[in-house]
Structures are given as C-alpha cells and as structure tokens.
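Notes to accompany the following structure.
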Amino acid sequence: MGELLLFALFIPLVTGLLSMFQNKVITIKSVNLVGSSMTSSVLACIVFRISAQGAFLKGLLYVDSLSAVLLTVVAVLSLTSMLFSLSYMEKELVEGHITIKMLQRYYGLFNVFIFTMISVLVVENLGLMWVAVEATTLASALLVAFYFNQSALEAAWKYVMVCTVGICLALLGTILLYYAQVNVVGINVQALSWLELKTIAFKLDPTITKLAFIFILIGYGTKAGLAPMHTWLPDAHSQAPSPISGLLSGALLSCAIYAIVRNLIVVQAILNHEFLQYLLIGLALFSIGIAIPFILVQHDIKRLLAYSSVEHMGIILLGIGISTPLAIYGALLHVINHAIAKSTLFYLAGIITQEYKTKHIMRIRGLIRTMPLVGTLFIISILAITGTPPFSLFLSKFTIVWASFNDGRFWLGTGVLFLLAGIFAGMLYYCLEMVFGNPGHNISVGKVGKPALLSILFSIGLMIVTGLYVPLWLHTLLIKAASVIMGGD
Amino acid sequence: MNFLIIILLVTSLLLTRVSRLKTAVTIILIQSFMVALACGIDGLEAGAAHMYIAAILTAVIKVGLIPYALLNIVEKLQYEREDHPILNVNSSSVTACIAIVLAYGLIDQALPGANSRDALATALAMTLIGLLIIMTRRQAIMQIVGLITMENGIYLVGLSATKGLPLIIEMGIFFDVLVAVVVLVILTHRIKLSGMSTDISRLKKLKG
Numbered sequence: 001m002g003e004l005l006l007f008a009l010f011i012p013l014v015t016g017l018l019s020m021f022q023n024k025v026i027t028i029k030s031v032n033l034v035g036s037s038m039t040s041s042v043l044a045c046i047v048f049r050i051s052a053q054g055a056f057l058k059g060l061l062y063v064d065s066l067s068a069v070l071l072t073v074v075a076v077l078s079l080t081s082m083l084f085s086l087s088y089m090e091k092e093l094v095e096g097h098i099t100i101k102m103l104q105r106y107y108g109l110f111n112v113f114i115f116t117m118i119s120v121l122v123v124e125n126l127g128l129m130w131v132a133v134e135a136t137t138l139a140s141a142l143l144v145a146f147y148f149n150q151s152a153l154e155a156a157w158k159y160v161m162v163c164t165v166g167i168c169l170a171l172l173g174t175i176l177l178y179y180a181q182v183n184v185v186g187i188n189v190q191a192l193s194w195l196e197l198k199t200i201a202f203k204l205d206p207t208i209t210k211l212a213f214i215f216i217l218i219g220y221g222t223k224a225g226l227a228p229m230h231t232w233l234p235d236a237h238s239q240a241p242s243p244i245s246g247l248l249s250g251a252l253l254s255c256a257i258y259a260i261v262r263n264l265i266v267v268q269a270i271l272n273h274e275f276l277q278y279l280l281i282g283l284a285l286f287s288i289g290i291a292i293p294f295i296l297v298q299h300d301i302k303r304l305l306a307y308s309s310v311e312h313m314g315i316i317l318l319g320i321g322i323s324t325p326l327a328i329y330g331a332l333l334h335v336i337n338h339a340i341a342k343s344t345l346f347y348l349a350g351i352i353t354q355e356y357k358t359k360h361i362m363r364i365r366g367l368i369r370t371m372p373l374v375g376t377l378f379i380i381s382i383l384a385i386t387g388t389p390p391f392s393l394f395l396s397k398f399t400i401v402w403a404s405f406n407d408g409r410f411w412l413g414t415g416v417l418f419l420l421a422g423i424f425a426g427m428l429y430y431c432l433e434m435v436f437g438n439p440g441h442n443i444s445v446g447k448v449g450k451p452a453l454l455s456i457l458f459s460i461g462l463m464i465v466t467g468l469y470v471p472l473w474l475h476t477l478l479i480k481a482a483s484v485i486m487g488g489d
Numbered sequence: 490m491n492f493l494i495i496i497l498l499v500t501s502l503l504l505t506r507v508s509r510l511k512t513a514v515t516i517i518l519i520q521s522f523m524v525a526l527a528c529g530i531d532g533l534e535a536g537a538a539h540m541y542i543a544a545i546l547t548a549v550i551k552v553g554l555i556p557y558a559l560l561n562i563v564e565k566l567q568y569e570r571e572d573h574p575i576l577n578v579n580s581s582s583v584t585a586c587i588a589i590v591l592a593y594g595l596i597d598q599a600l601p602g603a604n605s606r607d608a609l610a611t612a613l614a615m616t617l618i619g620l621l622i623i624m625t626r627r628q629a630i631m632q633i634v635g636l637i638t639m640e641n642g643i644y645l646v647g648l649s650a651t652k653g654l655p656l657i658i659e660m661g662i663f664f665d666v667l668v669a670v671v672v673l674v675i676l677t678h679r680i681k682l683s684g685m686s687t688d689i690s691r692l693k694k695l696k697g
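First to last, the protein sequences are chains G and W. First residue of the first sequence: 1, per the numbering used here; consecutive thereafter. First residue of the second sequence: 490, per the numbering used here; consecutive thereafter.
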C-alpha cells in the first residue's frame, strides 16, 4: 500500500520529466498515455484497497475513505483529461497555435499539476496539505497562462495573486491552529497531524480555534471558488486550454473543498455546531445565488461553465453545512458527479471553440447541423449538469435537497430548489440557442479525434450508470467517508 | 529583538511610500534580512537546531534568490514606476498606521497575555500592510513586493507564536514562496514581452 502511494506520486513526475525531453509528437503522446493510464490504475488500486481494508497510515502518508473519494475523482479526471489533451493539443499544434516546445511544456506542467493534486490528498498533516494546495496553484498558473496572450496573462495574474493571498490567510489559520495545539500538548513530533488534532480537539482553545477556522475557510474557500472569493475563477477557467479547464473545475476545486473538510473535522469537536452550520450554509447559498445573474447574462461559453462551477461548489458546501449523514453522502457523491460532468462539458466546449474559433455564445449557432454528434453530447451534458434524471447529478442534488427537508429546513430546501430552477433555465436557454440556432454561414468542421471522443463518451457513460445505480463499493465508500466527516474513524 | 521589530515596522511603512520599483525591492531585501535575523536570534535563545536551518533558508531564498530575480526583472522595466497608486501615498501611510493599531487591538483581543505581544502585533501589521499594498498598487512588481511582505508577516506570526512550524512544513513553505515569486516574475516578464505596460490595472479585458 505504501509502495502504491509512492508510485501514484512518482509516475506523474517521471511522465512529466520524460515528456519535457521528447521532440516527437508521437513519443510525447504515447509517454503521456502510458503514464496517465498507469497513474489512474494505481489510484484505482488504492481506492479499492481502502474501500476493502479501511484507512492506511505510514509516516506522513495517510489515506482513508474520504481521501479515497477524492482520489477517485483525480483518477478519472486525469485519465479523461489526458485522453482529451491528446486530440485537442494535436489540433492546436496542427493549426499552428502552439509549437512543439510549448507542447512539451504543456505535458510537463500537466503532470506536475496531477502530482500536486495527488499530494494534497495523501498527506496526513494540515501543514503539508497547505504546501500541496499552494503548489497546485503554482503548477496550474503557468497552464492558465499557457498561450501567453493578453487575456491569458491577465487571468493567470489574477489567479496567482488572489489564490496566493487567499492561501496565505489559510496559512495564518493553520499557524493559529498549531498555536492552539502547542498550548495543549507542547511542541512535539505530531505537529499539525490531523489524527492527533482530532483526538485532542476538545481541549483546544475555542476562541483561537474559531479564529483559525475562519481564516482557513476564507483561504481554502478562495481556492474552492466560493463567493465572494470566486473572482479569479471565471477568468482562469475560461483562459486555460480546455482540458486544463476541466481539471481545474472538476479536480482542483474538489481538492480545495477537501482541504476545508479536513480542517472542519478537527474544529467541529470544539466549535459550536450551529455557528459552523450557519457559516457554511450562508457561504453556500451566497455562492449558488451569485452565480445566477452571471449565468443568465453570459456571452462566453467557458465562463458560463465556470460560473456553474461556483454554483456547484455552493451545492457541495451546502451538503457539508447541513451535516446530517445523508446530506454529507449527497455532497460527496456530488463532488464525484460534478467533476465528471463539468470536465465533460469543458472538453465539449473545447471542441466547439476549436471548430468555431470563438468562445462567444452569440457566434456559436447550429451545433446540431454542423456537428451532430458533438451537439447531441453537449445537450446531454448540459441536461446532466443541471440535474435532470437519469443522470447522476440528479441523484446527488436530490439527496442534498432531500436531506435539507429531512433536517427540518423547509425554507432552505425550497429556496435552493428555486435557485437551481433559475440556473437550469439559464443554462438550457444558452445551450438550446447554441445547438439549434441558425448557423448562418457555413462552418467547415474537422473530425473529432478518437481519444477525445472516447474520453467524453466514457464520462457520459459513467454519469448515466451512476445515475441509475451507485455501485456497492462506491456506496460503502461514501458512507464511510461521510462518517469520517461526521467525526468518526 | 525590539530593535528588529522597529526596523520591520519602518520597512513596511516605507513600502507604502516608494514609487521606484528598485527601491521597493531593496526595502523588501532589508525586511527579509531582518526576518532571517529574528529567526536566527530566536533559534539562539531556544537552542533549537531546526531554527538555524530555517534562518539560513530564509536568508538564501528571501534575501538571496527572490531579490535577485526581482532586481533582474526590474532592470528591464526602466520606464515603469508606481506613480499614481489607487490609494495615494499619504493615505496609504495613514492606513498602514491604522493597520498597526488594529493589529495591536486584535492581538490583545484574540491572544491576551501572549508573551511576544509586540512581535505578534508587528507580524499581523505586516500582513495587513502587505495586503494593503497588493490591493492599492498598480505595478506588477509592487504587488509581488506586497505579497512578500504579507508572507514575511505570516512567517513572523508563526515564529513568535509557536517558534516556527516543524522543519519539513517550513521547507515546503519556503519552496512554495520561491516558486510563487518565480511564476509571478515569469508572468511579469511575459506581460513586458507582449509589449504591454506592467501596470496591472490596465489589464481589464476579462469581465462578466
């Protein structure tokens, strides 16, 4: 198990290093395909063993059911994103938008980015987790700025600045938490280990812990794109190459939520539950609400998807905030579902923008005529992300809303349903315009690459399958993870 | 120790007044040197070996590599100055003073009776002043300088509250800070290369 974890960390690094020194497109592609499939299989092995055997701890490495849920996300997304990159970046290369040097840099950074996300999930220490989260920002910043044009530079600058300042506040919070720990047990080797913190949590000073958690929530909340700290998100997600947008939106935001949850598990033992619930639910509702006007009046297809991510992070936080086992189960399921659905949408948006050579919604018309397959898949994915049955997102959103009614929060549940209806209307309106509108002029359309199609069909398949039936291992894993968040083992 | 604290506060206040980028980088160099010194002195008092390493790392990274990278890029930005910050220099200085008072108030509220009250308040004030500089300055380099001030402040909070973090975490933080500055310098360089001014407030294509 320890070896598997080390493999999961080293394979992306080695793959990244190898792709930096290849001069042939075909070698770069095969190296990355092999590397990425290996990473994903190793991660899948880890997830299966954790769901069968329970938590694993060795030195600074730690994986339990909660991290396993997130590792599932990274395993699926790193594979689909890599498959999609193969077609997408080759097309960019053929059309002369990028050079072979840039391709090497792309795959190098891509793998470092995967490495940093995996490290967030496998360390057993709040301090090291901070280091890893900051590293994800830095690895992805140069991917956001990949084309180095004016908009990309602006987006990347905003991304690094806002997220680094945010994450610095999280560091301040982490230091305060350490201070609280030192006051209880003195300086020892278990510094900031969350297993240790959890056992002594009830002895921590409540005032300092509260202050620490507020800083941590603001800090990682910035990274998770929660309103009002979400300002960097639409810029970064719309400017990054599409496979990266999918990773940022699906995997990275989920990792940031994971960081919040890890801290939450520690502090909930000592802090007033009502205070935490109001804090989280308030932030969640604000994130869902603020996305609506931007979704209803949007001109850029990728920004539309980015604002939808803000909304979905809100939904996930809502589930965690309600904090009944059912709600948390729904939230965790939603983490997985949102990651798969949103990344698929970004891949499709990538194909569409490549063919239409614009991100402007007004100029994308008649997808169903120009690209029947892509148009159909796009409609399916939009229906999935807005929570229509039979897709898995319906299941998880339904579970969260159901949990809120079950918990006696009638108005909360009703309000959220109304907000979701608004978002459904906005997303579907633009989607139908793009798919069924009149293309006006003729657009010559190339073929969609096989790997890209494979990754999209694979993701949509997953969404339908888990929408109809949650596999038993995943079900048990989610239940165990929910109990970890509730404060169990 | 008090002497160091005074110098740290003075450097932070000075930062609100500079308009030449090179001066700002020099000030940040002095500030980081003081932080390294504070770390070394604390290590000497506590007799903790890991703090020497932390002090040396601070010196190498924040006094050596980061200012070097920044000075390098500033050389290329000869015509760039922070002439019209969003909040003018006098108001910035006054706000910075308010931040210091606020920091003392906050520390007395949150951690009453902490034995290193002055150091903690200074650290918090530096964090706030760093944030102020990031928010009210237009030049890319000034924003980086603000970020480093903020980071120095947070590092100092850790140093005075808990004698620093465990070494492995601290090394990670140092590495991150270094990479962050390198990434920002690369971005600044690219902004310059694409023929734009490094005045960040002029980058406003992305909206809505």
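Glycine included, every Cβ here is placed at the ideal spot set by N, Cα and C.
For Phe-56 (chain G), the enclosing beta strand (DSSP E) stretches over residues 56-58. Within the same chain, and ignoring the five residues on either side of Leu-143 (chain G) in sequence, the residues whose Cβ sits closer than 8 Å to its Cβ are Tyr-106, Leu-109, Phe-110, Phe-113, Ala-240, Pro-241, Ile-244.
Counting of Cβ neighbours within 10 angstroms places Tyr-278 (chain G) among the exposed residues, the total staying below 16. Residues of the region 642-657 of chain W with a C-beta less than 8 Å from any C-beta of chain G: Ile-643, Val-646, Gly-647, Ala-650, Thr-651, Lys-652, Leu-654, Pro-655, Ile-657, listed in chain order. Taking a C-beta distance under 7 Å as the contact criterion, Ile-260 (chain G) and Tyr-220 (chain G) qualify as a contact pair. Residue pairing from DSSP leaves His-334 (chain G) without any beta-bridge partner. By the Cβ neighbour-count rule, Leu-504 (chain W) is buried, with 16 or more other Cβ atoms within 10 Å of its own.
At a C-beta separation below 7 Å, Leu-383 (chain G) has no neighbours in chain W, since its nearest C-beta there lies roughly 25 Å away.
Looking at the DSSP output, Arg-409 (chain G) shares a beta bridge with no other residue.
When Cβ-Cβ separations below 7 Å define contact, Gly-529 (chain W) makes no contact with chain G.
Listed as beta-bridge partners of Gln-628 (chain W) by DSSP are W:Asp-688.
DSSP places Leu-172 (chain G) in no beta strand (DSSP E) but in the uninterrupted alpha helix (DSSP H) bounded by 150-185.
The C-alpha of Phe-286 (chain G) lies about 36 Å from the C-alpha of Gly-653 (chain W). In the three-state reduction of the DSSP assignment, Leu-66 (chain G) falls in the helix class, which pools H, G and I.
Along the length of the region 506-552 of chain W, whole alpha helix (DSSP H) runs at least 4 residues long occupy 510-535, 538-547, reported in chain order. In the DSSP assignment, Phe-213 (chain G) falls within the alpha helix (DSSP H) that extends over 206-224. By the neighbour-count criterion, in which a residue is buried when 16 or more other Cβ atoms sit within 10 angstroms of its Cβ, Phe-410 (chain G) is exposed.
The C-beta of Arg-679 (chain W) comes closer than 7 Å to at least one C-beta of chain G. For Ala-669 (chain W), the nearest CB of chain G lies under 7 Å from its own CB, placing it at the interface with that chain.
Using a Cβ-Cβ cut-off of 8 Å, His-299 (chain G) is close to Gly-697 of chain W, given in chain order. According to DSSP, residue pairing for Leu-61 (chain G) in a beta bridge involves G:Lys-58, G:Val-123. Within the region 203-218 of chain G, contact with chain W at the beta-carbon level (separation under 8 Å) is assigned to Thr-207, Ile-208, Leu-211.
Runs of alpha helix (DSSP H) with 4 or more residues, each lying fully within the region 438-480 of chain G, are found at 450-468, listed in chain order. Listed along the chain, the chain W residues whose CB falls inside 8 Å of the CB of Ser-151 (chain G) are Lys-694, Leu-695. Of G:Lys-397, G:Lys-450, G:Tyr-430, G:Tyr-159, the smallest CA-CA separation from Leu-373 (chain G) is found for G:Lys-450.
Using a CB distance below 8 Å, the part of the region 621-637 of chain W facing chain G consists of Ile-623, Ala-629, Gln-632, Leu-636, ordered along the chain. The residues Leu-77, Ala-339, Lys-342, Ser-343, in chain order, have a CB closer than 6 Å to that of Gly-250 (chain G) in the same chain once the five nearest residues on each side in sequence are set aside. Residue range 555-565 is occupied by the alpha helix (DSSP H) that includes Asn-561 (chain W). Secondary structure of Arg-365 (chain G) (DSSP, three-state): coil. Residue range 578-599 is occupied by the alpha helix (DSSP H) that includes Ala-599 (chain W). In this structure, the straight-line span from the alpha carbon of Gly-635 (chain W) to that of Gly-529 (chain W) is close to 24 Å. In the pairwise beta carbon analysis, the region 568-587 of chain W is classified as touching the region 613-624 of chain W: at least three pairs are separated by under 8 Å. Annotation: the continuous alpha helix (DSSP H) that includes Lys-302 (chain G) extends over 301-322.
Across the set G:Tyr-178, G:Thr-199, G:Val-160, the C-alpha of G:Val-160 shows the shortest separation from the C-alpha of Thr-231 (chain G).
Ala-588 (chain W) places its beta carbon 7 Å or farther from that of Glu-659 (chain W). When DSSP reads this structure, His-360 (chain G) sits in a beta bridge with G:Asp-300.
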